[in-house]
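Heads up, the thing below is written out as structure tokens.
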Amino acid sequence: MILPGATLGVLGGGQLGRMFALRARVMGYGVAVLDPDPRSPAGQVADCHVRAEYTDPEALDRLATSCAAVTTEFENVPAEALERLARSVPVRPAAQAVALAQDRIAEKSFLASGGFATAPFRPVRDEATLGEALATVRLPALLKTSRLGYDGKGQALVTHPEDGQAAFERLGRVPCVLEERLELEHELSVVLARGTDGAVVPFPVGENRHQDGILESTVVPARLPESVAAQARELAGTVATALEYVGVLGVELFVAGGGRLFVNELAPRPHNTGHWTLDACTTDQFEQQVRALCGLPLATPRLLSPVAMVNLLGDLWSNGPPRWIEAFRRPGVRLHLYGKAEARPGRKMGHLNCLAADPDRALALGLEARDALRAT
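Numbering (the working numbering), first residue to last: 1115 to 1490.
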């Protein structure tokens, strides 16, 4: 076990690294962040900010020398960087798990081979496999780039077979998956931690809503039967175990086809849909990340209050600085800002955690507070 007083390393300097660093420091650990951006949110609060590219061998060796263990805050860190670090220091999650989540073809193939239900899909690597996919996958479908797609980017809707070629061209003719667009009844996520001893501890299930492909809100507890929530937690834990995962994992799920659960994507890190844990749970996802990284016993999280997490995107800054007083004047609303220097449309700048007597009231409070922030 790695105990307080040690230094923990993070690859990536975004908001997830920032929240990890803040929690780790409260728990008594030092934090070193490797990120090329001199103004990175995580670098602002770390004990040490190594400003270098993720593949810089000297920077990686410096991180390995100074840290007792290393984790990552985003899945697109080069796998070779994790592999180099792992030769000298524990790295959790492992490079194999991160590399799997970087590639939709590999991820969906892993899920399918493990017997986990996904939306019907076919890999697309060229015109020939595109034709095979269009002949196999029921339309409408989504053509998604295999790598680097997030928040609705790298996707194209295909409603007719003749749309497929144009969509493939638009996405740059890179490897893709063609995936049937399910008629969704709910979008869910399970954020969980899996320890070095194989113990799996899930957080309560979150019910998610997206707008323009970007997460707008997460409501907890999810407004669905407990039997479905229990099945979602069990399914996510089984995926984590099959992956031999160690760390915090976000498992995105669809409910479709009359209550059936489908695995959508895996996120090998703390997850946007788990930010509510910072204010409405006895243990937050970043403490669990520290515990899993350090080989400590995992905590048993308990929900303290119904809660809604609402993202604050850069669009809120379009008419000037948001009116922060509107968040502070509303009981039950907690403001979290990420320290990003530039607000851009669609960029996640912060979030609100809104606590209320029930999930519906929590969501109404969150949306009202977010809308009141906008300068007029």
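All C-beta atoms, glycine included, are put in the ideal place defined by N, C-alpha and C.
CB contact flag (residue i, residue j, <8 Å)
i	j	result
F1230	E1293	no
P1459	G1434	no
A1135	P1382	no
P1118	R1132	no
A1350	P1384	no
R1374	L1426	no
A1120	Y1143	yes
R1475	P1436	no
L1418	T1396	yes
G1480	S1303	no
A1313	L1412	yes
E1321	R1347	no
F1188	L1262	no
P1445	V1333	no
A1356	G1228	yes
Y1359	R1287	no
Proximal residues to residue i (C-beta, below 7 Å), its chain only, five neighbours per side dropped
i	result
P1150	R1165, A1166, E1167
A1138	L1122, V1145, V1404
A1079	Because the chain here runs from 1115 to 1490, residue 1079 falls outside it and cannot be looked at.
L1177	G1123, A1146, L1148, V1164, V1184, L1199
L1407	L1122, A1183, T1185, R1206, G1361
G1127	V1147, D1149, D1151, S1154, P1155, A1156, G1157
L1329	N1322, N1386, T1387, N1425
G1268	K1258, T1259, L1262, L1285
V1447	A1441, L1466, C1468, L1479, A1483
E1246	R1236
A1455	R1153
CA-to-CA distance, residue j to residue i, given in whole angstroms
i	j	result
R1201	A1478	49 Å
V1421	E1366	19 Å
L1069	H1389	Nothing can be reported for residue 1069, as the shown portion of the chain is limited to 1115 through 1490.
G1214	E1221	Residue identity differs from the one stated: residue 1214 is Leu in this sequence, not Gly. If you take the alpha carbons of L1214 and E1221, they lie about 5 Å apart.
L1449	P1415	22 Å
E1370	A1457	Going by the sequence as given, residue 1370 is Ala instead of Glu. Looking at the two C-alpha atoms, the distance is approximately 35 Å.
P1237	I1219	6 Å
M1423	M1463	13 Å
G1409	C1290	37 Å
C1181	I1116	11 Å
F1442	P1152	30 Å
S1260	S1223	12 Å
A1270	R1295	11 Å
V1319	D1393	16 Å
M1081	E1401	Past the boundaries of the shown model lies residue 1081; the chain is included only from 1115 to 1490, so the question cannot be answered.
A1233	F1376	7 Å
A1209	E1301	28 Å
L1380	F1368	12 Å
V1203	D1175	10 Å
S1432	W1438	15 Å
T1310	H1324	33 Å
E1197	P1339	42 Å
E1194	Q1216	13 Å
T1250	D1326	27 Å
S1341	G1364	20 Å
C1162	L1125	12 Å
Own chain partners of residue i with C-beta closer than 8 Å, once the 5 adjacent residues on each side are dropped
i	result
V1272	L1248, L1253, P1254, A1255, L1256, L1257, G1278, A1281, L1292
T1490	N1433
Close Cβ partners of residue i (< 6 Å) along its chain, the five nearest in sequence each way excluded
i	result
R1461	G1428
Q1491	Limits of the chain in this structure are 1115 at one end and 1490 at the other, which puts residue 1491 out of reach.
L1298	F1368, A1370
A1486	E1440
L1244	V1238, G1278, F1282
Chain B contact for residue i (CB, 8 Å cutoff)
i	result
A1350	Note that chain B does not occur in the displayed structure, where there is just one protein chain.
The ligand SAM heavy atom lying under 7 Å from the CB of residue i
i	result
C1408	The ligand SAM is not among the ligands present in this structure, which contains no ligands whatsoever.
**Q.** Completely contained beta strand (DSSP E) runs for the region 1272-1315, where each covers 3 or more residues
**A.** The qualifying runs are 1290-1294, 1298-1308.
Q: Starting from the N-terminal side, write out each stretch of the alpha helix (DSSP H) that is 4 residues or longer and does not extend beyond the region 1387-1456.
A: Considered as a whole, the region 1387-1456 harbours 1391-1394, 1399-1408, 1439-1442 as its complete alpha helix (DSSP H) runs of no fewer than 4 residues, in chain order.
(Q) Which complete beta strand (DSSP E) runs does the region 1117-1195 hold, if anything under 3 residues is left out? (A) 1121-1125, 1144-1148, 1162-1164, 1183-1186
Q) Which ranges does the alpha helix (DSSP H) cover as unbroken runs of at least 4 residues, wholly within the region 1323-1368, from first to last along the chain? A) 1340-1356
**Q.** In chain order, each beta strand (DSSP E) run of at least 3 residues that lies wholly inside the region 1189-1247
**A.** 1235-1238
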